[in-house]
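**Q**
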Amino acid sequence: MRHILFYCLSFFFSFFIPKPPPPPTKTKVKYMYYPYGGAQQQQLLDQQQQNYYYYPQGQQEQAGVPPTSWQQYTNPQHGGAPPAAPAGAMHNGVQLPGQYHDPYASATPNGVQSYSNYYPTPNYPQQQQQQQQPLPPPPPAPQMHPQQPQLPQQQVQQYPHQDATTTTTAATTTNNAAASASLISSTGAIPFANSQTDASGMQLPTQQHAYQAQQRPQTGAFPSGNYPRQQEQCNSVVGRCARPPPRRSVDLKSAPNPRRDISQKPGNQEIQTSSGQLPLSATGFLAVDDGNASPKFFRPTTNSVPAEERLVKDSKIFFGAVLAPLCRPLYPREEVPLVEGRPPVRCFRCRAYISCHARFVDMGRCWVCPFCNMANEVENEYFCNLDARNQRLDRAERPELSRGSVEYDVGPYPDYALRDEKDAPIPARPLHYLFLLDVSQKAVSSFLPDYVDALMHSLHEMAQQYPQCRVAFITYASTLQFYNVRHPRMPQLIVADVDNPFVPLPFTSLCWLTLGTELDLVDAFLMRLMEYAQDLRETDSVMGAAVHAATLVLAGQHGGHVILCGHKAPQRGIGSLKLREQHLLYGTDKEKDLLRPIEGFWRTTATACAKQQISFDLHMFADQYCELVTISQPCHLSNGRVHLFSNYDRETDATKVQAVMNQALLEEAGYAGILRVRCSSGVRVQAYHGHFMSQDSHDMDLAHVQGSSTFFVEFAHEGKLEKTSYAYFQTALLYTTRGGERRVRVHSVRMSVVTTLSGVFEADLEATLMGYIHEAIGNAVNKGLQYARSTAQDRVLKMLIAYRRVCTSNATSSLLMPSRLRLIPLFVLSFMKADALVEGTTVPIDDRVQKLFLLMTIPMHQCVTYLYPTLYAVHHLLSEPTSGVIDPETGHCVLPGWQQLIFDSITTDGVYLLCDEQARIVYLWIGSSVVPEVSLELFGTTNALDVGRAVFFENFGERLKNVLYTCLMRDDGMRRFVILHEKDRGEEAFFRQFKEENEGGSMGYDQLLVHLHREVKKSIE
């Protein structure tokens, strides 16, 4: 009876007690991008039916849920409803006048944020089950203006684009919010979308998403002429991503990237060299020399010198500088002044040159050397009284006392003359050029006609600038050919003994021609050269014999420059090479052996030539493996250049040949140089890096030096520096100009001393990157490519660990970086993906060698753009009236802002320009949904599909032409121009240059940041 009563009561009360919620189930939700044009909505939905992701039902965001809740997965990217269209959007095909929203501008004047941010796609977090509203299923068909779900007020966070020095964070604990935000702002923290709240209560920021549904505007919706800049500009509509971005655990839009962290302000930035500011070299800044040498000549890795060796070891930052002693000035105000008529004043003890950093004492009768602190007596003819500040009254009249860079004409003084083996002075003379030309059948049928034309053109210009220079020619194929160019018939003398080659005629009197007076003989020989080559009909290559003959010709000249061209490795005679089986070693642990030269003739000849001031440039037109690392040894030890033209194409490579020849013959250059860097007490030079030969550990012997020659010097401590003192550095280059004048160029720098690690981390991005490059190249040659890549990555990790341990005190789960080095991880990753270090066997070994050779001496202003290709949104020209316009002050085109190299940056309604400096290609990528108005403004046609098919370069708009000319025409030749439409076959090569993505199985930028973040946390814990 009691049991019956119990069941009756339970049944009665069950109607008043609510049932517990059912357990969460998995519901199939379609992963899609909501369309932005009404006409394309159904088509896009049909294309994306195959992508399915599962979401736990009942994971709806509530108030107070941490930022890793499911609210960020209810946006259009993850199946949620898109937000409503903004004011001024297209409604039923009608545009509201004067209110068109520019979707590409980072921020509009009226405060409406555009589509500059993209959704982070973090790993799905595990959350406690709680009673929530189920996730509504996706609508069966999208509408033009669906409503966006309302976000709880506590969870609305925004991470907009910021400048190079700010990165905002949010904190859930009120007490720690201000301190945490200040810490992240000053150090550049990386927000991880899947990171949990840390112990201090700080939450990593999430990104507020703003997708807007718009319809393509009607043709002729705005008149031609002057268009509004931002909000009122009819630029384009919002298109979908041309390539769907992968799922990422890091919001790359918020991560450090060149678009946000590199200043792209138009106009010339003027700096005082003594101010300590180091703008990026690629910005084209104007350096006003007011006592320190320009960073274009001497760029240190740190803004201040560490006081002791411990700071360098703890910070893991390179302690060195990038040297470019003959860097070409961009502006007339940057010209180095020339001092003539008197010898340079030097310290009696350390032989340093007097500079504006020297102190005058004893009423001006003595000057104190800043390098060794010795008081030197001032000669009577150099004496001048001092003012009230102990400065000489003639300071402004003497460049060496007021400028950081100065050049002396030391030709009349025997102490600076070039000397022979008996230590007798040798009079300076103009530079002699000897051309070794390959005239085999392969050369005649491919590159030789263009090469001869380029040579003739450059020699004509050289005759006007340097009429006293002399030139001579030797040709080779299966034999050596010499020519008596002074005879009317120019007879040819053939040397068949290529094992022991010799010079069959008095070369000095019969073969050397002075450009200023005998240019007609030069033209006559070059015009008849093709006839000589076609009559020979030889197929082999005796390049080694030609090089040996060149050394015999120039041995008594005490200096000369050899320009060697060829199409394959030498097969006969002296210096012939047996090609290594590179296909068996490539991609293995023994691959590093292919990066080392074969010992023997080429190495021995290179050393002997460098000692005699004979330099080499190599122009190789090979279509197969040619052992480039061995035959380029004379270039390496003499600071020459190596240019590789693989599979020569006349249509695309002829302009490069002309540019290379102009660079070799017309650029500011010299020979017989000696470069030395002096340091003040407590600091010394530890090592030099670059292309040179050193007979003394203190000097670099440069048989040839050009304006683009770049070196890296590494410093070390000999003691502890005082904080109140300064550190001084001086670079002195003694050389002979191309015209035959003996000069000394001196660059002096004074730097402050820091005693804290935080001061050491105020480092320079570009100079530090050059340190990574030179260290990685040395590791690649000695220990292999894999070791070089891992070592570079480990050094970045150790730097971040040191910065996290020593320079930050607040607890945070973010990845903290030094503000000035926040782009180092990205650029090191780009370097690891460059042809010089990339993993795999896709890059031929000769191409890899040539890229390694180039990176060792690449000019500073080209380094960043070489590793990280520049991407421009060309459709921004419509909303940026200053872009694409020629600056009247500099004569250069103002380019649009850089775009980030991620798939999110490319939309189907955009037009993009990508400059790949490694492949020397400029891509023009055109989306499939470019609106007619944009196409008409850029290409002169309303149908963008006609570009490259019926519409060509001459129809383009003037501003687009200016941008293309700037990107295509470079100092080292014209780039190949490739037009790509969306879904074209060559599109893969375009997207392969997106260094931040994990294309081809390589590590992506987000994966690198996650790895660094994980390892830093592990080390700290």
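Using mature numbering (1 follows the signal peptide of the UniProt record, and there is no 0), the letters of the sequence shown correspond one by one to residues -18 to -1, 1 to 1003.
All C-beta atoms in this analysis are idealised placements derived from N, C-alpha and C, irrespective of residue type, glycine included.
Taking W584 as part of the alpha helix (DSSP H), name the residues at either end of that continuous run.
**A** 583 to 593
**Q** What do you get for R198, buried or exposed, if any count of 16 or more other CB atoms within 10 angstroms of its CB means buried?
**A** Here the model assigns R198 a pLDDT of 33, short of 50, so the residue's position is not dependable, and the following value carries that caveat. Label assigned to R198: buried.
**Q** In whole angstroms, what separates the C-alpha of A932 from that of T824?
**A** 35 Å
**Q** Work out the CA separation of A303 and H756 for me, nearest whole Å.
**A** 12 Å
**Q** Determine the extent of the alpha helix (DSSP H) in which P431 is found, giving its start and end residues.
**A** 430 to 447
**Q** What residues match up with F697 in a beta bridge as DSSP calls it?
**A** V667
**Q** Here's the rule I'm using: 16 or more other beta-carbon atoms within 10 Å means buried, otherwise exposed. How should N362 be labelled?
**A** exposed
**Q** Confirm, please, whether the CB-CB distance from I888 to N224 is below 8 Å.
**A** The residue asked about is misnamed: residue 224 is Ala in this sequence, not Asn. The answer is yes: Cβ separation under 8 Å.
**Q** When the Cα of K295 is compared with those of A709, V639, T738, which residue comes out closest?
**A** For the residues A709, V639, T738, the minimum Cα distance to K295 belongs to T738.
**Q** Given a threshold of 16 other Cβ atoms within 10 Å of its Cβ, counted over all protein chains shown, does D631 qualify as buried or as exposed?
**A** By the Cβ-count criterion, D631 is exposed, with fewer than 16 other Cβ atoms from all chains shown falling within 10 Å of its own Cβ.
**Q** Looking at the strands, I want to know which residues DSSP matches up with P282.
**A** A303
**Q** Specify the secondary structure class of R958 as computed by DSSP and reduced to three states.
**A** strand
**Q** Just to confirm my understanding: we take G555, look at its own chain, exclude 5 residues before and 5 after, and list those with CB closer than 8 Å. What are they?
**A** In its chain, beyond the 5 residues on either side, V480, D481, P483, V524, G526, A527 have a beta carbon closer than 8 Å to the beta carbon of G555.
**Q** Nearest-angstrom Cα distance between Q882 and P227?
**A** About 13 Å.
**Q** Expressed to the nearest angstrom, what Euclidean distance is found between the alpha-carbon atoms of E871 and L877?
**A** Each residue's alpha carbon lies about 15 Å from the other.
**Q** Using 10 angstroms around the beta-carbon of T864, count the other beta-carbons present and answer buried if the total reaches 16, otherwise exposed.
**A** exposed
**Q** Please decide whether Q768 counts as near chain D, where near means a Cβ-Cβ distance under 8 Å.
**A** You won't find chain D in this structure, because it holds only one protein chain.
**Q** Give me whichever residues DSSP pairs with C608 in a beta bridge.
**A** Bridge partners of C608: none, in fact.
**Q** Hey, Q553 and Y607 are a contact pair by Cβ (cut 8 Å); roughly how many whole angstroms apart?
**A** Contact doesn't hold; Cβ gap of about 13 Å is too wide.
**Q** Does the stretch 261 to 274 come into contact with the stretch 898 to 915, if we say contact requires no fewer than three beta-carbon pairs (one atom in each stretch) closer than 8 Å?
**A** no
**Q** Just how far apart, CA to CA, sit D376 and C332?
**A** 25 Å
**Q** Quick check: the Cα distance between G760 and R374, rounded to an integer number of angstroms?
**A** 47 Å
**Q** Less than 8 Å between C-beta atoms, sequence neighbours within five positions excluded: which residues of the same chain meet that for F330?
**A** M356, N358
**Q** Is G323 helix, strand or coil by DSSP?
**A** DSSP places G323 in the coil class of the three-state scheme, outside both helix and strand.
**Q** Using three-state DSSP, classify residue 1004 as helix, strand or coil.
**A** Since the displayed the chain opens at -18 and closes at 1003, residue 1004 lies outside it and no answer follows.
**Q** State the DSSP-derived secondary structure class of M951, mapped to helix, strand or coil.
**A** strand
**Q** DSSP on D829, reduced to helix/strand/coil?
**A** helix
**Q** Counting C-beta neighbours from all protein chains within 10 Å, is the total for G701 16 or more, i.e. buried, or is it exposed?
**A** By the neighbour-count definition (other C-beta atoms within 10 Å, threshold 16), G701 is an exposed residue.
**Q** Which residue wins for smallest C-alpha separation from H439, given the options G939, H414, D886, A646?
**A** A646
**Q** Suppose the cutoff is 7 Å on Cβ atoms and the five residues either side in sequence are ignored; what does the same chain contact list for D402 look like?
**A** If we look at D402 and ignore the five residues flanking it on each side, its Cβ neighbours are I408, H540.
**Q** Of the choices S679, D420, T490, A532, whose alpha-carbon is the least far from that of Q516?
**A** D420
**Q** Can you list, in chain order, the residues of its chain with a C-beta nearer than 6 Å to that of Q688? Leave out the 5 residues immediately preceding and following it.
**A** E649, A651
**Q** Between the beta-carbon of V497 and the beta-carbon of V467, is there less than 8 Å?
**A** According to the sequence displayed, residue 497 carries Leu and not Val. Cβ atoms of L497 and V467: not closer than 8 Å.
**Q** May I ask you to verify whether the stretch 769 to 782 touches the stretch 724 to 738, counting CB pairs closer than 8 Å and requiring at least 3?
**A** no
**Q** Thinking S662 and A709 are a contact (beta carbons under 8 Å), I'd like their distance in whole angstroms, please.
**A** Contact flag correct, Cβ pair sits at about 5 Å.
**Q** To the nearest angstrom, how far is the alpha carbon of Q41 from that of R222?
**A** Note that Q41 scores 33 on pLDDT, short of 50, meaning its location in the model is unreliable; the coordinates nonetheless yield the value given after this. Distance between the alpha carbons of Q41 and R222: 27 Å.
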